[in-house]
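With the first letter of the sequence shown counted as 1, position 511 gets the number 764 in the numbering used here; the numbers rise by one all the way through.
Positions of the beta carbon are idealized from the N, C-alpha and C atoms, including for glycine.
As the structure is a prediction and not an experimental result, all values here were calculated from the model.
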Amino acid sequence: MILDQLRRRRGRALALAAGILVAATSFTLLTATVSTSRATTVGTVRKNARSAYDVLVRPPNSQTDVERQSGLVEPNFLSGTFGGITVDQYRRIRGMAGIDVAAPVANIGYLMVMSTVTVDVSRFLDSKASRQILRISPTLTAGLGTYRTSDEYVYLTRSPLTSGSSSDQIFQSDTLEKGAVDKSTRRYQLKGKYDVCFYFNRDKTEQKDFNLQLPMRPNLIAEDLSDRSAFDRDLNSWMNCQSGRGKATIDVPVSYPVLLSAVDPEAENRLVGLGGAITSGRMLTERDKPWTLPSSKSTHGQHDSYIPALLSSSPLTAGTLDAAVERLDVGDPAELPSKLGNPTAASFVRGLHGTRVGKVGVDLSKGYRKALEEDSFDTGAYWTVGPVTYRRTSDGGLAVQAQPRQKPGLWVTNQQQQPVPYVPEENQGKQYRKVISHASTDCLGLGHCDQVDFGRLPNPFVRLVGRYDTGKLHGFSALSDVPLETYQSPQVTGADPATRAVLHDRPLRPDRNLGGYASPPPTMLTTMDSITALTKSRRVPSLQDKAPVSAIRIRVAGVSGVDTASRARVNAVAGAIRAAYPRLQVDVTVGSSPAPQTVALSPSAHVTERWVAKGVALRILRAVDTKSAVLFVLVLVVCALFLGQAALASVRSRRTEIGTLRCLGWSGGEVLRLVLGELAVIGLAAGAAGTVLAYALGRILGQPDAGAKSLLVLPVALLVALAAGLIPAWLAARLGPMAAVRPPVTAARRSRPVGSVAGLAVLNLLRVRGRTLLGAAGLALGVAAFTVLLALTLAFRGEAAGSLLGNAVVAQARGADYLSVALSLLLGAAGAIDVLIISQRERAADLAVLRATGWTNRELAMLTLYEGIGLALLGGLTGAVAGLLVVLSLGQGVLHGHLLAVAGAALLATLAATALVSAALTVPIRGLSRIAPAHLLAAD
């Protein structure tokens, strides 16, 4: 009976089989695609979830409001943190259970390391002049600013420059030159020679402030500059005196802020592999401690203290000098030695007119490399800086709060209040951080401090034991970067065309402005045992005396990613630290990822900076699990309801046949088995064909395990066919003999005149409400599924995006999402079209009557088309509203920021479904128009 029914209605059977084939194959391939996408997503997350450390411990009150509200960590936080955690707290944390590595960082302060940048001006020399002076007027470009720096000079003479020393009863000098004697300058000669560089370089005030008797001869007594500013360009001008011809260079004096920080060498080596980055010398060890040399062994002949240190071999500040070169009109070259060798040298040189002969440029990094040749540095004064203050803007970005200009007292020594030499010009620029000076005690070399500095320590010298290259440190995934400011400069780039143009499409690197936005990271590293020698040698005590540690980076033992066990271990360690020290700021950074933020430095300067979003990996895994589960359920429901609609439509088209069987004595159970049996046979046949089709498509699409996954098509097809046919079969079994032959229409009511074809279409839909609701249900489900899927996809992208790891995941997960949306819409529309086609066939006799009474084919076509449009709009709008209600019921801000987009997309889906239904109805309309009315009426 079942096979006979299928043969007699093979057209309908083939349609059902095709529906089951498409649904089962599509569902299997889609779930395989979603599973593959999920596996790829999870693999990407787990591969990139482990960063350099898992927990970050910071001092109390170090978390900013922006960090607290947004779950972010500022990338440049360490350079603005100088103390706050005690050494005892660090030691106790280091000994807690579950901690593999606890690496402290104690920022001490910025030392000013002096050096020179050499500029070759040989090509601008006058080859005929016996003596000449060249002047360069440099402009410094650093970050977003440009600064005019001091003029620098070179004096080139073909006469020899000789040396003199105290043994010759001559001031220590190597720039002595014979020259024409002038009566007014004769008294400044030293054994018949002029010191052509001393007065310009070391006597800019003509030695008036110490009340010394003039004329003054070159001496070791420093001039008093206490009334001058450290930013006075005249004070930083330097005369280079050279002998020869054809070759002249200018050494421009520069200073580099070098952040000195203390670390635990063993912990640092285990955390980032610092020992493997040593390029010369040796690595710091736990045995390296401060030491003092007796006066008999000291190069300075005094009790000098030393601390060991490593110095970075790469400059971590950026800047370039571009200078105009002038050849000065010096008059009679023979008179130059006498004019340079007297106290009026500075005013004489600055007053010379010059002719521009060219320009030169040099990178400031060259001067830093020259400083690497030194092995000892003074710690006479150092500076600390505060954090940057941010606020959220109306567009969701960040804005920086500017600070007042630096105070003049920042750059004054504690000996006679003299200006610090060669202060970087960038410190006159825009300030974003508060800068504090920490002057040393005044007992260097004495071994102890008395009087005003009683109880403090002499400031030590830094003795380098090695140099390291930050590029050789252990690498970590760029998708899970956490702040490693001990070795890395913050990554800051221009956020708009104007800012990028100022930066010449290069990153905004730290410059030498201590109050600048991007501060240079630590460049010099010492041991934790050296902290006291540094902090206790400051004249005024500070927080660093009692709590010198700035941060502790912790790697937890047994952590492999963001799995449940790893998260539990990390949370246990973080919880133990919070319980022991509630005031410390403890951040869990495992699974973090850089989250670019737009920062407004000024109304005209906007940059993008990689902040760190905490817990990104965990949120992505949760979101992808939720999204995958919802995708599976929605697609399965769409497939099942598509088949259910087709099966129910088939039962409705066989009402007369089923009624006849009931009249012949068939029971409801037999009818139920007949309908389910037909669907089972169709499902098995479609499943077998779908297995082959799924395997072929899986291989073409490159899915892994295509063979194993294609075997799922047969059981899925059978189960979907039976599940979808249960309700139609149950309804068929409930039909009585008379109900089966009675047309399923609404009871007649008082008729109303119809004035248009569209009005008749609406009445027809209302007349057969069950059929109308059935046809609309498919479209409603398709549009609702599309709305829910789109909202979930946008919510997932919102949950994952915003960080580098999340952006990578979104790019990978996008294909499966769109495939799900397309399948849900197509299956929903196909089910609705199937119901409409069967409905038109059921009403073929009605249409024939209308045609026989004078209706044209066009009017009949418009009637059918209007019914389809009404049905599609009913289903689409209902689905859009239902989808939005479902999404709203999910809560947790799924529609936050996407309501208009999702609602608009749902309306577009409704219009698309309406157009699809209208286009599909043209085929049955043409078919019915070709059948003679008499034939249709005779069949009825």
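> Excluding the five sequence neighbours on either side, which residues of its own chain have a C-beta within less than 6 Å of the C-beta of A530, listed in chain order?
Replying inline: By one-based count along the sequence shown, residue 530 stands at place 277. So the qualifying residues of the chain are Y721, D722, K725, L726.
> What residue from G747, V715, A786, D541 has the CA that sits closest to M777's CA?
Replying inline: Translated into the one-based positions of the sequence shown, residue 777 becomes position 524. Among G747, V715, A786, D541, the Cα nearest to that of M777 is on V715.
> Mind checking whether I980 and L925 have CB atoms under 8 Å apart?
Replying inline: Counting from 1 along the sequence shown, the entry for residue 980 is found at position 727. Counting from 1 along the sequence shown, the entry for residue 925 is found at position 672. Contact: no.
>> For L331 and V653, which I take to be in contact (beta-carbon distance under 8 Å), what is that distance rounded to the nearest angstrom?
In response: As a working mapping, residue 331 is identified with position 78 in the sequence shown. As a working mapping, residue 653 is identified with position 400 in the sequence shown. Not really, about 17 Å apart at Cβ, beyond 8 Å.
> Between Y834 and K623, what straight-line distance do the alpha-carbon atoms span, to the nearest angstrom?
Replying inline: Against the sequence shown, residue 834 aligns to sequence position 581. Against the sequence shown, residue 623 aligns to sequence position 370. The C-alpha of Y834 lies about 45 Å from the C-alpha of K623.
> For G747, which option in I805, A818, V852, T785 has the closest C-alpha, if you only look at C-alpha atoms?
Replying inline: As a first step, residue 747 must be located in the sequence shown, where it is residue number 494. That would be V852, whose Cα lies nearest to the Cα of G747.
> By how many angstroms is the C-alpha of R820 removed from the C-alpha of A395?
Replying inline: Position 142 of the sequence shown, counted from the first residue, corresponds to residue 395. Position 567 of the sequence shown, counted from the first residue, corresponds to residue 820. As the crow flies, the alpha-carbon of A395 is around 43 Å from that of R820.
> Quick one: Cα of Q671 to Cα of D480, how far?
Replying inline: Counting from 1 along the sequence shown, the entry for residue 671 is found at position 418. Counting from 1 along the sequence shown, the entry for residue 480 is found at position 227. Between Q671 and D480, the C-alpha separation is close to 8 Å.
> The alpha helix (DSSP H) spanning L1018 covers which residue range?
Replying inline: Locating residue 1018 in the sequence shown gives position 765, where the first residue counts as 1. Residues 1010-1020.
>> Can you give me the C-alpha to C-alpha distance between A655 and I784, rounded to a whole angstrom?
In response: If you number the sequence shown from 1, residue 655 lands on position 402. If you number the sequence shown from 1, residue 784 lands on position 531. Each residue's alpha carbon lies about 31 Å from the other.
> In three-state terms, what does DSSP make of A356?
Replying inline: Along the sequence shown, one-based indexing puts residue 356 at 103. Reduced to three states, the DSSP call for A356 is strand.
> Three-state secondary structure (DSSP) at A515?
Replying inline: As a first step, residue 515 must be located in the sequence shown, where it is residue number 262. Assignment of A515 by DSSP, reduced to helix, strand and coil, places it in the strand class.
> The alpha helix (DSSP H) spanning V320 covers which residue range?
Replying inline: The count along the sequence shown starts at 1 and reaches residue 320 at position 67. Correcting the residue type first, residue 320 is Glu in the shown sequence and not Val. For E320, the enclosing alpha helix (DSSP H) starts and ends at 318-323.
> Roughly how far, in whole angstroms, is the beta-carbon of V1170 from the beta-carbon of R645, given that I think they are within contact range, below 8 Å?
Replying inline: Taking the first residue of the sequence shown as position 1, residue 1170 is located at position 917. Taking the first residue of the sequence shown as position 1, residue 645 is located at position 392. Incorrect: roughly 48 Å between the Cβ atoms, too far for contact.
>> My assumption, with CB atoms under 8 Å, is that V745 sits in contact with A786. Please give the rounded CB distance.
In response: Taking the first residue of the sequence shown as position 1, residue 745 is located at position 492. Taking the first residue of the sequence shown as position 1, residue 786 is located at position 533. In fact, because the Cβ distance is near 34 Å, the residues do not count as touching under 8 Å.
> Given G1121, which residues of its chain have a CB within under 7 Å of its CB, disregarding the five upstream and five downstream residues?
Replying inline: Counted from its first residue, the sequence shown places residue 1121 at position 868. Only L1089, V1170, S1171, L1174 meet the Cβ criterion.
>> My output table needs one value for Q656: the three-state DSSP class, helix, strand or coil.
In response: Position 403 of the sequence shown, counting from 1, holds the residue named residue 656. Strand.
>> Quick check: what's the CA-CA separation for T545 versus H691?
In response: Locating residue 545 in the sequence shown gives position 292, counting from the first residue. Locating residue 691 in the sequence shown gives position 438, counting from the first residue. C-alpha separation (whole angstroms): 22 Å.
> Which partner residues of D631 appear in the DSSP bridge assignment?
Replying inline: Taking the sequence shown and counting its residues from 1, one reaches residue 631 at position 378. The partner list for D631 (beta bridge, DSSP) reads F714.
>> For P849, list the residues DSSP reports as bridge partners.
In response: On the sequence shown, position 596 is the one that residue 849 refers to. The partner list for P849 (beta bridge, DSSP) reads R863.
>> Are the CB atoms of L971 and G921 within a distance shorter than 8 Å?
In response: Residue 921 sits at position 668 when you count from the first residue of the sequence shown. Residue 971 sits at position 718 when you count from the first residue of the sequence shown. No, Cβ-Cβ distance for G921 and L971 is not below 8 Å.
> Which parts of the region 528-603 are runs of the alpha helix (DSSP H), unbroken and 4 residues or longer, counting only runs that do not cross its ends?
Replying inline: Qualifying alpha helix (DSSP H) stretches, in chain order: 589-593, 598-603.
> Which one or two residues does DSSP pair with R806 in a beta bridge?
Replying inline: Residue mapping note: residue 806 aligns to position 553 of the sequence shown, counting from 1. DSSP output for R806 lists L309, A356 as bridge partner(s).
> By how many angstroms is the C-alpha of A599 removed from the C-alpha of L429?
Replying inline: Within the sequence shown, the letter at position 176 stands for residue 429. Within the sequence shown, the letter at position 346 stands for residue 599. Spanning the alpha carbons of L429 and A599 requires a straight line of approximately 17 Å.
>> If contacts are defined as beta-carbon pairs under 8 Å, then T570 and R765 qualify, I think. What distance do you get, rounded to the angstrom?
In response: On the sequence shown, residue 570 is found 317 positions in, with the first residue counted as 1. On the sequence shown, residue 765 is found 512 positions in, with the first residue counted as 1. Indeed, because the Cβ distance is near 5 Å, the residues count as touching under 8 Å.
> Tell me which same chain residues have a C-beta within less than 7 Å of the C-beta of T1131, skipping the five on either side of it?
Replying inline: Indexing the sequence shown from 1 puts residue 1131 at position 878. So the qualifying residues of the chain are A1029, A1033.
>> Rounded to the nearest angstrom, what separates L1103 and V1155 at their Cα positions?
In response: Mapped onto the sequence shown, residue 1103 falls at position 850. Mapped onto the sequence shown, residue 1155 falls at position 902. Answer to the nearest angstrom: the Cα atoms are 43 Å apart.
> According to the neighbour-count rule (16 or more other Cβ atoms, all chains shown, within 10 Å of its Cβ), is G333 buried or exposed?
Replying inline: As a position in the sequence shown, residue 333 is number 80, starting the count at 1. With 16 or more Cβ atoms within 10 Å of its Cβ, G333 is classed as buried.
>> At the level of alpha carbons, what is the spacing between H859 and V602?
In response: Position 606 of the sequence shown, counted from the first residue, corresponds to residue 859. Position 349 of the sequence shown, counted from the first residue, corresponds to residue 602. Near 43 Å, if we compare the C-alpha coordinates of V602 and H859.
> For the beta strand (DSSP E) that R609 lies in, which residues bound it at each end?
Replying inline: What you label residue 609 is simply residue 356 of the sequence shown in a count that begins at 1. Per DSSP, R609 belongs to the beta strand (DSSP E) from 607-616.
> Under 8 Å, do G662 and N712 count as touching if we go by C-beta distance?
Replying inline: As a working mapping, residue 662 is identified with position 409 in the sequence shown. As a working mapping, residue 712 is identified with position 459 in the sequence shown. Taking 8 Å as the cut-off, the Cβ atoms of G662 and N712 do not count as close.
> Quick one: Cα of V1036 to Cα of V823, how far?
Replying inline: Here the question's residue 1036 lines up with position 783 in the sequence shown. Here the question's residue 823 lines up with position 570 in the sequence shown. Their Cα atoms are separated by approximately 44 Å.
>> Classify P328: buried if its beta carbon has 16 or more other beta carbons within 10 angstroms, exposed otherwise.
In response: Taking the first residue of the sequence shown as position 1, residue 328 is located at position 75. Around the Cβ of P328, a 10 Å sphere holds 16 or more other Cβ atoms; the residue is buried.
> Span of the alpha helix (DSSP H) holding L625?
Replying inline: By 1-based counting over the sequence shown, the position of residue 625 is 372. It is not in any alpha helix (DSSP H) - L625 carries neither H nor E in the DSSP assignment.
> How is the alpha helix (DSSP H) around P750 delimited, first residue to last?
Replying inline: For the purposes of this step, residue 750 is taken as residue 497 along the sequence shown, with counting starting at 1. For P750, the enclosing alpha helix (DSSP H) has its first and last residue at 750-755.
> Going straight from the alpha carbon of A577 to that of F377, what length do you get?
Replying inline: Within the sequence shown, residue 577 is the residue found at index 324, counting from 1. Within the sequence shown, residue 377 is the residue found at index 124, counting from 1. Answer to the nearest angstrom: the Cα atoms are 11 Å apart.
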